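Numbering (the numbering used here), first residue to last: 1 to 221.
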């Protein structure tokens with residue numbers, strides 16, 4: 001493997017689109033009984049104010065589960081912690097809904113940001129992917145010689161329910177001095193679907209997925 005994951009941030013959403021509202025108070029009490037630190041906030045929405053409970057994992061207070069009548073969200077800065085919190089959230093979610101879960105339609109949204117350390121110049125990787133003629137034409141159009149490729153993106157799947165749709169963007173990381181930090185890429189992956197099992201499976205395999213995305217691109221460079 002020619003790269004490693006330096007940082008990881010995930011936001012995983014299980015949002016109820018059709019079906020019975022989630023009993024957020026019961027969800028909150030179950031996590032409080034397991035040591036979670038609770039807070040709450042009111043969020044304005046097009047249909048009116050929505051109360052959300054913020055439940056922070058007791059060992060890593062920056063990782064949390066947010067729950068409302070519309071479902072739950074896991075926000076985590078550690079891969080293993082994120083997987084554990086998603087598993088716990090589903091255990092509580094399913095115990096509350098019971099048989100009603102069969103009549104519940106949800107939207108699964110996964111937003112993942114990874115910082116990747118490479119042993120190659122990340123700007124060269126991006127440059128090899130973009131068509132050189134297109135870049136040259138853009139230089140002429142802008143009358144700038146310093147135009148260079150900075151970001152590439154790919155998608156697969158079908159962008160409508162009930163299908164999965166994945167969009168990934170790859171770009172070099174820019175440091176405070178405006179120069180590229182040597183050997184680092186930012187990989188963002190946006191997952192959309194309607195099947196919780198598939199959504200969790202994608203999360204569990206995300207390291208393998210990143211490897212499958214980057215390996216052929218690194219080979220090009």
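Every residue gets a Cβ at the ideal spot worked out from N, C-alpha and C, and that includes glycine.
In this text the structure is predicted, and so the values were computed from the model without any measurement.
*Which class does residue 222 belong to by DSSP, given the choice of helix, strand or coil?*
The shown model of the chain, from 1 to 221, leaves out residue 222, and the question about it has no answer.
*Select from 46, 101 and 78 the residue whose C-alpha is nearest the C-alpha of residue 57.*
Residue numbering aside, residue 57 sits at position 57 when the chain shown is read from its first letter. Answer by Cα proximity: 78.
*Would you check if the stretch 130-144 and the stretch 28-38 touch, i.e. whether three or more CB-CB distances between them fall below 8 Å?*
Segment contact: the stretch 28-38 against the stretch 130-144, fewer than three CB-CB distances shorter than 8 Å; contact not assigned.
*Spell out a yes or no on whether the stretch 184-204 and the stretch 112-123 are touching, meaning 3 or more CB-CB pairs, one atom from each, closer than 8 Å.*
These segments touch.
*Ignore the nearest five residues each way along the sequence and tell me which others in residue 167's own chain have a CB closer than 6 Å to its CB.*
On the chain shown, residue 167 is found 167 positions in, with the first residue counted as 1. 155 and 190, listed in sequence order.
*For residue 28, the nearest candidate out of 60, 88 and 209 (CA to CA)*: Here residue 28 corresponds to residue number 28 of the chain shown, with the count starting at 1. Taking the Cα of residue 28 as reference, the smallest distance to any Cα among 60, 88 and 209 is reached at 88.
*Rounded to a whole number of angstroms, what is the C-alpha to C-alpha distance between residue 173 and residue 211?*
Within the chain shown, residue 173 is the residue found at index 173, counting from 1. Within the chain shown, residue 211 is the residue found at index 211, counting from 1. About 18 Å.
*Complete runs of the alpha helix (DSSP H) confined to the stretch 127-215 [at least 4 residues]*: Segments of the alpha helix (DSSP H) lying fully in the stretch 127-215: 132-142 and 196-204.
_Beta-carbon proximity list for residue 258, same chain, < 7 Å, skipping 5 on both sides_ = No information on residue 258 is available, as it lies outside the stretch 1 to 221 that the chain covers here.
*Is residue 157 buried or exposed, if buried means 16 or more other CB atoms sit within 10 Å of its CB?*
Taking the first residue of the chain shown as 1, we reach residue 157 at position 157. That one is exposed.
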